[in-house]
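Sequence lines, in order, name chains A, B and C.
For our numbering, add 918 to where a residue sits in the first sequence, where the first one is 1.
For our numbering, add 8 to where a residue sits in the second sequence, where the first one is 1.
For our numbering, add 61 to where a residue sits in the third sequence, where the first one is 1.
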Amino acid sequence: MTAYLVSITTEGAIFGIMALGLNVIWGWSGDFDLAYYGYIAVGAYMTLVLTIGPATPPAQYILGLQLPFPLAVVIAAVTAMAVSLVVGSIALRHLRGIYFSIVTLGAVYVMYVIAGQFVPLFDGYNGLSGLFDPMGDVLGLDYESYQYFFLGVSVVMFVLVFLFMWRVSRSRFGMALRTLREDERAAAAFGRDIYRLKLKGYILGAGLAGLAGGLFAAYLSAFNPSAWSPVEVIVLYSAVLVGGRGNIVGVVLGVLIMGVVVQESTRFLPQVPILGELNTLHPQVLLALRGAIIGLVLVLFLRFRPQGLLPERRYVDPPLPAIEAAPRTQSA
Amino acid sequence: MSQAAASPALEVRGLTKHFGGVYAVESCSFEAPAGQVTGLIGPNGAGKSTAIDLVSGFKLPDRGKVLFKGREIQGLSPHHISRLGLIRTFQAPREWPGLTVLENVVMAKWDASREGFFRGLIGDGRAKRDQSAAEMAKAREIIDEFGLGTLRNERAGNLSGGQKRLVEFARIRIAEPELVILDEPMGGVNPVLGERMAMAIEAFIATGTSVIVVEHNLPFIERVTQHVIVMAQGAVIAEGPFASLRSNPVVVDAYLGEMIRR
Amino acid sequence: MHDPLLTLGFGIVTASILALSAVAFTLEYAVTNVANVSHGEILTVGAYAAYLVHRQTGSAIAAAVAAALAGGLVGLAMYASLIGPFIRFGATPTIVFIATLGMSFVIQNTLVIIFGAANVAYTLDPGAPHQLGPFLVTSLDEEIVGSAIAITLVLYLIISRSKFGKALRAVSQNRELARVTGINATRVAAATFFLAGLIAGYAGFVLAAFVGSFTPYFGFGFFLITLTAAVAGGLGRAVGTMAGAVIVGIILEVVPALPVPFIGGYVSASYNLAIAFAILTLVILLRPRGLFTNARRTVFE
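This is the structure we're talking about:
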């Protein structure tokens, strides 16, 4: 049981980082970016090719170095930021709304296809594997202790990222991003370089995605196109939506809720009589049912609570005696 | 009021813009004197809004020059022009609805040193924090001046049209531009607020901000402006103090909708 | 696949199917201003319906009819259960977009639950190839292109001549104005979705037969290409969409066959989509109102 909890919490921490990064782009800048999971994938793939050493044929992939894990993750995050710079500089220049979403969808699809089909890059559909217990042998940990160690690493990273996001959300930079979301024209009229500012937010989000991707690769000890499935993507976006875009506590809450929904539905569904039978007929059915449930949750929230559970926090100025004591009446 | 020999707040020369064969603005030229309130009036379709968009960088002119503070600004992007000291408002109030009134005013002042990427990450040092605190205090003061003190934590999107206009004015006050262009500030606003707006505009002048007001509300124009420019069919057809224009046959004709042959 | 005419021939068939799917999507967009991301699922449902009916009756015609009807009902259901209510409650276009994405996901997974995820083989006897002018075609190819042309003509007549068509045009141009003149915009939209669904369902049947197999996901893949054609033609403009479909369809067949090192040789179908998206991105960036208008602007115009 504890092994299960450790595993779930580790995964939750990693998803939390992903959600916080997506929140910068979708929650604060206000752009529904479908390319985001691509940056996670870049982070994962790059971390692997920088740590698993040279390829043994018939597998092929680029680089194949054996760098220390932390260094690999940093490089991977930077790579993700570089890719996002390319996509963002095209998509953010002139596009907003659904056009932006469509172009980013195209970008992520191209990334997916290249990663999965162009074998020399990341060994195509097979993907990469072999990242076992990074840093574990350096510290001389056995399998059991390593799980706790990696849990610790993930949670610490999550907490750091959370504190960092908390600071950004209160900074002028974070507020400037939000003015872009609220009204771009007004933001430009008051001196904001929309394109530059959005691009900065975009790259920041992608950097967090890359970081999370590196941790994710270590958690899975591998990464390939099937780790990149629509369900994973929808769960992430649903988490941000359900929890509350723009609210960093909200998106973390969203990760917890969607994580629970995902886990619990996988657990209790086989016990429902008809479904148990179906499961033996088509093994995909339970996964599909889970996917359908997640999609349904997403749609219901969009309809009835699009702002999510926790609305964005606004700065509330403490009451000042002078103003509050003698309120001015004014007609307007 | 004596006209100073100082250079004008804004100079427009030969501004031209067409959309699909129709000239919205054609060879439009005018000067807005510094330190004064200049009105820009004209019948519907005269090209006033387009001219404002062209001057402020929201549209690109086909031809012509715009001079502000002695430099040519035509073709620059809106945020660049804003940073040079020219701020404009829009026909509909454009507040940031999801932010509070206080946040709206505080964020109206662009600050390169505190909005950079790394600043946001690292956080402000002591000097910057003091600056932020001072600015917050100033924002509260200005909000209070406009009578919105009790609403400062209110979501700006929930305010009435008139209140939103006041927030806009507060934003302009804190940004302290050299020139502000108000695009139909009385639009959708209870006329009762007119005097308060007029006073706010006078306060702008007092603090060194020149003003251009585009308006259909002629009594308001009469109340606040020293100099008025009349546009029709994309070009300037007359200028002068408001009183002189009232009897100007060219202006009267334009407003009565008869086509002016230039 | 090095004979350019052969490739072009393939391109024309693909373009016909694409044109049907794209024009249906354009109808949906025109009447609601919503990009229906679950549009591809209408094709998938059509394919399944055709397959089931064909298995029972052995008749391709019955299969075609079943596909169209199933598509029409699904289209109508999409409008009635999701798109219509979202619009009425005032959701922003992006919110509805995401909602249709969610709906797409739900439908795909529901199909997996019912039918399983495996590839379903579906072949119609194509007939022997014969010469038609410079092209080598099978009678299946001819039927596909022929039916696409016929459906387009009928659609054109409906839109331009019938009372319903007039109402449709009114609603697509200005919903509020149409309402004021007494048109029930909701009914028109619902009927349009049914019509679009008929076409898209049929297109699903044809596509499945042409490709030879399908899965619960195949409609979504085709949707991405459909979107490219629709945007290239100018969202909401039916004629442009058709032209866009033809161009995209041909490009998709021709480009993989070009003797260019990276793309040459056997290219899997996935590259098709990547190419389609590259086209889509270029179009959106350079000619956002479609290939056939001349709109350039600053980000604010």
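Positions of the beta carbon are idealized from the N, C-alpha and C atoms, including for glycine.
Because the structure is a prediction, the values reported are computed rather than measured.
Through-space distance from C/A261 to C/I103, alpha-carbon basis: 6 Å
Buried or exposed (CB count within 10 angstroms, at least 16 for buried), A/D1060: exposed
Cα-Cα separation between A/R1011 and A/Y1113, rounded to whole angstroms: 6 Å
Min CB distance C/V135 to chain A below 9 Å: no
Short CB-CB distance (under 9 Å) between B/M207 and chain A: no
Beta-carbon spacing of C/A80, C/A306 below 9 Å: yes
Inter-residue spacing [alpha-carbon to alpha-carbon] between A/V1056 and C/G177: 46 Å
Where the stretch 1076 to 1093 of chain A meets chain B: residues whose CB sits under 8 Å from a CB there: F1082, R1085, V1086, S1089, R1090, F1091, G1092, M1093
Chain C within 9 Å of A/I943, Cβ atoms only: no
Run of the alpha helix (DSSP H) containing C/T155, from where it starts to where it stops: 154 to 176
Beta carbon proximity, C/N170 to chain A, threshold 9 Å: yes
The beta strand (DSSP E) enclosing B/R21, as first and last residue numbers: 18 to 27
Selection of the stretch 1132 to 1152 of chain A by Cβ proximity to chain C, strictly under 7 Å: P1148, I1152
Buried versus exposed, by CB contacts within 10 Å (16 or more), B/A141: exposed
Selection from A/L952, A/A1157, A/M1083 that minimises the alpha carbon distance to A/P1224: A/A1157
Cβ-Cβ distance between A/L966 and A/A1104 below 9 Å: no
9 Å Cβ cutoff, C/G101 in contact with chain A: no
Segment contact flag, the stretch 149 to 168 of chain C with the stretch 1006 to 1021 of chain A, C-beta cutoff 8 Å, min 3 pairs: yes
Nearest residue (CA-CA) to A/R1208, options C/L268, C/A269, C/Q169, C/G280: C/Q169
Same chain, Cβ closer than 8 Å to A/L1117, neighbours up to 5 away in sequence not counted: L1003, G1006, S1007, L1010
Rounded separation between A/G1123 and A/L938 - CA only: 8 Å
9 Å Cβ cutoff, A/I1112 in contact with chain B: yes
Pair within 9 Å by beta-carbon distance, A/P1052 and A/F1141: no
Minimum Cβ-Cβ distance from B/E123 to chain A less than 9 Å: yes
Rounded Cβ spacing between B/T24 and B/S35 (contact assumed at less than 8 Å): 6 Å
Any C-beta of chain A under 9 Å from that of B/F228: no
Presumed contact (8 Å Cβ cut-off) between A/G1119 and A/P1229, rounded CB distance: Between A/P1229 and A/G1119 the Cβ distance is about 20 Å, and since that is not below 8 Å, they are no contact.
Opening and closing residue of the beta strand (DSSP E) in which B/R96 lies: 94 to 96
Reduced DSSP secondary structure (H/G/I, E/B, other) of B/E247: strand
Close Cβ partners of A/G1054 (< 6 Å) along its chain, the five nearest in sequence each way excluded: Y1064
Minimum Cβ-Cβ distance from B/N161 to chain A less than 9 Å: yes
Those residues which DSSP pairs with B/E39 across a bridge: B/E19
Classification of C/N235 by the beta-carbon crowding that lies within 10 angstroms, buried from 16 upward: exposed
Under 9 Å (Cβ pairs) to chain E, residues found in the stretch 193 to 227 of chain C: Within the model displayed, chain E is absent; protein chains A, B and C are what it includes.
N- and C-terminal bounds of the alpha helix (DSSP H) containing A/A1033: 1015 to 1035
Sufficient close CB pairs (3 or more, under 8 Å) joining the stretch 262 to 273 of chain C to the stretch 97 to 111 of chain C: yes
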